[in-house]
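J.:
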Amino acid sequence: MKEIFTDLYRKLAGFFQAPPEKENLKEVACNRLKLVLMQDRTNLTPFLLERMRGEMIDVLSKYVEMDKEALELSFEQEGEQMALMLSIPVLRAKDEAELQALIKAEEEAKVKAEKEKTAGKTGTGKKSKKSSEEAAKGPKKKKSRKKKQ
Amino acid sequence: MTGRVIVITSGKGGVGKTTTSANIGTALAKAGQKVVLIDTDIGLRNLDLLLGLENRIVYTIIDVVEERCKLKQALVKDKKNPNLCLLAAAQTRDKSSINQEQLKSICDELKEENDFIIVDCPAGIEQGFQNAVAGATEAIVVTTPEMSAVRDADRIIGLLEAKEEIESYKLLLNRVRPKLVQSNDMMSVDDVVDILSCSLIGIIPEDVGVITSTNKGEPIVNDEKSLAGQAYQNVAKRIMGEEVDFLDIDEPKGFVAKIKKFFAGLFGKEQKA
Numbered sequence: 037m038k039e040i041f042t043d044l045y046r047k048l049a050g051f052f053q054a055p056p057e058k059e060n061l062k063e064v065a066c067n068r069l070k071l072v073l074m075q076d077r078t079n080l081t082p083f084l085l086e087r088m089r090g091e092m093i094d095v096l097s098k099y100v101e102m103d104k105e106a107l108e109l110s111f112e113q114e115g116e117q118m119a120l121m122l123s124i125p126v127l128r129a130k131d132e133a134e135l136q137a138l139i140k141a142e143e144e145a146k147v148k149a150e151k152e153k154t155a156g157k158t159g160t161g162k163k164s165k166k167s168s169e170e171a172a173k174g175p176k177k178k179k180s181r182k183k184k185q
Numbered sequence: 694m695t696g697r698v699i700v701i702t703s704g705k706g707g708v709g710k711t712t713t714s715a716n717i718g719t720a721l722a723k724a725g726q727k728v729v730l731i732d733t734d735i736g737l738r739n740l741d742l743l744l745g746l747e748n749r750i751v752y753t754i755i756d757v758v759e760e761r762c763k764l765k766q767a768l769v770k771d772k773k774n775p776n777l778c779l780l781a782a783a784q785t786r787d788k789s790s791i792n793q794e795q796l797k798s799i800c801d802e803l804k805e806e807n808d809f810i811i812v813d814c815p816a817g818i819e820q821g822f823q824n825a826v827a828g829a830t831e832a833i834v835v836t837t838p839e840m841s842a843v844r845d846a847d848r849i850i851g852l853l854e855a856k857e858e859i860e861s862y863k864l865l866l867n868r869v870r871p872k873l874v875q876s877n878d879m880m881s882v883d884d885v886v887d888i889l890s891c892s893l894i895g896i897i898p899e900d901v902g903v904i905t906s907t908n909k910g911e912p913i914v915n916d917e918k919s920l921a922g923q924a925y926q927n928v929a930k931r932i933m934g935e936e937v938d939f940l941d942i943d944e945p946k947g948f949v950a951k952i953k954k955f956f957a958g959l960f961g962k963e964q965k966a
């Protein structure tokens, strides 16, 4: 008997309460699909994406002071083209003296590396720096969809 | 004459490649075109069942390739439409029994005496797919508004783009359920088109008639009243170059909308619910 009443009460209470907010499953599906297709199309696993992000931060932070945590990396489809979107919150622009010092230091390092190279030693440090420079040629890098297979 | 060779493919299984092939083929034949349907799903043939021709098959595509019969002998005429023929797959063999050159030469030979060659591709992206695509210059990618089917379609589109022989490909969205789309529980047509960035050739609503028509061995385009049948008919028209508006498959929301739609239909006005 008690069960009947509790059941009735629940039903009544449910009737007067606002229905629970429904999840938009269509949005969920679209977003998950976009993410997985981005990985499929570029052959970039989450691990590689994180690596790319890290390398970009290394290069870009030489020129501007930025919020490293908030750097966002994403792919967007614009018709036939796929674009790599990079959103960087800039905290502070570096002043001229700092930038000059940076260029100077780089030049010196270059000259030093060159000397070492002619001396027959190969510097491993230079190699890794070069690859990170290539990764950050521009914040917006267009990639043709045709490239994928 | 030189016919067009269109491959019907999808990547994922069970999205309606064979149903689409049977219906497009039948609709084109009904419109007076000479059509040959080729089933390339060797080992798992089903196109014969959908057309109700399973008891009439004497020779298969493998018999043609292995020269046990002439190509013309292996073509099975449709029960209703003399314009439509089927080249069946062998059931007791596998995909490696035929290669790309052989399929291409069969398509080339059929092209000369037919308007359309519709190639039903097996699921997957392996040899069966490569074979089916070999002779084709156009493709229709079938998908449903489900994540797995869309993902596989994206992969297929990538593979088709890499093929030089494929001049154009279009998307056919199958088994759309307007009610689920309206309640935001399913991806809409626009979502899928947007994600795949591929132009549409048809939208087919989910229809129980497809199951019953398979049981009868008669493609649903023969049922004039069915919405899916009309949608397939429109696909065939678009293939032939006609401009046809996409069917309004949305279900009217309320009673008033239903009445409005009824009257709009009565006076021949197209109205979106």
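Note that the protein sequences, when read in sequence, are chains A and B.
Residue 112 in my numbering is what sits at position 76 of the first sequence, and the numbering runs on without skipping anything.
Residue 786 in my numbering is what sits at position 93 of the second sequence, and the numbering runs on without skipping anything.
We put the beta carbon where it would ideally sit given N, CA and C, even for glycine.
All values derive from a computational prediction rather than experimental measurement.
1) Indicate the three-state DSSP secondary structure (helix, strand or coil) for THR836(B) in the structure shown.
2) What's the gap between the Cα of LYS38(A) and the Cα of ARG46(A)?
3) Tell me which same chain residues have a C-beta within less than 7 Å of the C-beta of ILE93(A), skipping the five on either side of it?
4) Comparing the C-beta of LEU135(A) with each C-beta of chain B, is any distance below 8 Å?
5) So who's on the other strand from ALA129(A), going by DSSP bridges?
6) What does MET840(B) touch in chain A if you count any residue whose Cβ is under 7 Å from its own?
7) Taking 8 Å as the limit between beta carbons, can you name the residues of its chain near ASN67(A), skipping five residues before and five after?
8) Quick one: what does DSSP say GLY174(A) is sitting in, helix, strand or coil?
9) Counting only the same chain and skipping the five closest in sequence on each side, list residues whose C-beta sits under 6 Å from that of VAL874(B).
10) Cβ closer than 8 Å: which chain A residues qualify as neighbours of VAL901(B)?
11) So, using beta-carbon positions, are VAL835(B) and ILE731(B) closer together than 8 Å?
12) Drop a sphere of 10 angstroms on the beta-carbon of ALA842(B), count the other beta-carbons inside from all chains shown, and report buried for 16 or more, exposed for fewer.
13) Under the DSSP definition of a beta bridge, which residues are partnered with LYS770(B)?
14) Write down the C-beta distance between ILE913(B) and GLY902(B) rounded to the nearest angstrom, noting that I regard them as a contact closer than 8 Å.
15) How about GLY696(B) and ILE810(B): are their beta carbons less than 8 Å apart?
16) When burial is assigned at 16 or more other CB atoms within 10 Å of the CB, is CYS814(B) buried or exposed?
17) Pairing CB atoms from the region 773 to 786 of chain B with CB atoms from the region 722 to 740 of chain B, are three or more of them under 8 Å?
18) Threshold first: 3 residues or longer. Then list the beta strand (DSSP E) segments lying entirely within the region 857 to 940 of chain B, N to C.
19) Does the pairing of the region 792 to 806 of chain B with the region 738 to 751 of chain B give three or more beta-carbon distances under 8 Å?
20) State the DSSP-derived secondary structure class of ASP847(B), mapped to helix, strand or coil.
21) Using a Cβ cut-off of 8 Å, pull out every chain A residue sitting near SER878(B), in sequence order please.
22) Can you list, in chain order, the residues of its chain whose CB lies under 7 Å from that of GLN75(A), leaving out five sequence neighbours each side?
23) Determine the extent of the alpha helix (DSSP H) in which MET74(A) is found, giving its start and end residues.
24) Can you grab the Cα-Cα spacing for the pair GLY922(B) / LEU768(B), in whole Å?
25) Using only CA atoms, which one of ASP845(B), ASP756(B), VAL886(B), VAL885(B) lies nearest to SER790(B)?
26) Taking THR728(B) as part of the beta strand (DSSP E), name the residues at either end of that continuous run.
27) Using three-state DSSP, classify LEU737(B) as helix, strand or coil.
28) Per DSSP, which one or two residues make a beta bridge with MET121(A)?
29) Would the beta-carbon of LEU864(B) fall within 8 Å of that of VAL886(B)?
30) Listed in chain order, which residues of the region 70 to 100 of chain A have Cβ atoms closer than 9 Å to some Cβ of chain B?
31) Straight-line CA distance for LYS770(B) to THR733(B)?
32) Give the secondary structure of GLN53(A) by DSSP, where H, G and I count as helix, E and B as strand, and everything else as coil.
33) Name the two residues that bound the continuous beta strand (DSSP E) containing VAL698(B).
34) Flag LYS705(B) as yes if its beta-carbon sits less than 8 Å from any beta-carbon of chain A, otherwise no.
T.: Inspection of the coordinates gives the following:
1) In the structure shown, the three-state DSSP call for THR836(B) is strand.
2) If I take the Cα positions, the gap works out to 12 Å.
3) Around ILE93(A): LYS104, LEU107.
4) Cβ-Cβ to chain B under 8 Å: no for LEU135(A).
5) Beta-bridge partners of ALA129(A) (DSSP): VAL100(A).
6) Those within 7 Å of MET840(B) in chain A are ALA65, ARG68, LEU69.
7) Excluding residues within five positions, none has a Cβ falling inside 8 Å.
8) Confidence is the limiting factor: at GLY174(A) the pLDDT is only 39, short of 50, which leaves the residue's position unreliable, though a coordinate-based value still follows. Coil, per DSSP.
9) Taken in chain order, the residues that qualify are SER881.
10) Chain A residues near VAL901(B): none, gap ~23 Å exceeds 8 Å.
11) At a Cβ-Cβ threshold of 8 Å, VAL835(B) and ILE731(B) do not count as neighbours.
12) Burial call: buried.
13) DSSP output for LYS770(B) lists CYS778(B) as bridge partner(s).
14) About 5 Å separates the beta carbon of ILE913(B) from that of GLY902(B), a gap short enough to meet the 8 Å contact definition.
15) In contact: GLY696(B) and ILE810(B) (Cβ atoms closer than 8 Å).
16) That one is buried.
17) Result yes; three or more Cβ-Cβ pairs closer than 8 Å.
18) Those beta strand (DSSP E) runs which fall completely within the region 857 to 940 of chain B and span 3+ residues are 861 to 869, 893 to 898.
19) Judged by Cβ distances under 8 Å, the region 792 to 806 of chain B makes no contact with the region 738 to 751 of chain B, as fewer than three pairs qualify.
20) Secondary structure at ASP847(B): helix, using DSSP grouped into helix, strand and coil.
21) Residue identity differs from the one stated: residue 878(B) is Asp in this sequence, not Ser. Within chain A, the residues near ASP878(B) are LEU61, LYS62.
22) Hits under 7 Å: THR81.
23) Unbroken alpha helix (DSSP H) run through MET74(A): 61 to 78.
24) Between GLY922(B) and LEU768(B), the C-alpha separation is close to 25 Å.
25) When only C-alpha atoms are compared, the closest one is ASP756(B).
26) Position check: residue 728(B) holds Val in this sequence, whereas Thr was assumed. Looking at the DSSP string, the run of the beta strand (DSSP E) that includes VAL728(B) is 728 to 732.
27) Taken through DSSP and simplified to helix, strand or coil, LEU737(B) comes out as coil.
28) Answer is SER110(A).
29) LEU864(B) places its beta carbon less than 8 Å from that of VAL886(B).
30) From the region 70 to 100 of chain A, only LYS70, VAL72, LEU73, ASP76, ARG77 have a Cβ closer than 9 Å to chain B.
31) Looking at the two C-alpha atoms, the distance is approximately 18 Å.
32) In the structure shown, GLN53(A) sits in coil (DSSP, three-state: anything other than H, G, I, E or B).
33) Note, VAL698(B): beta strand (DSSP E), 697 to 702.
34) Not closer than 8 Å to any Cβ of chain A, the Cβ of LYS705(B) fails to qualify, so no.
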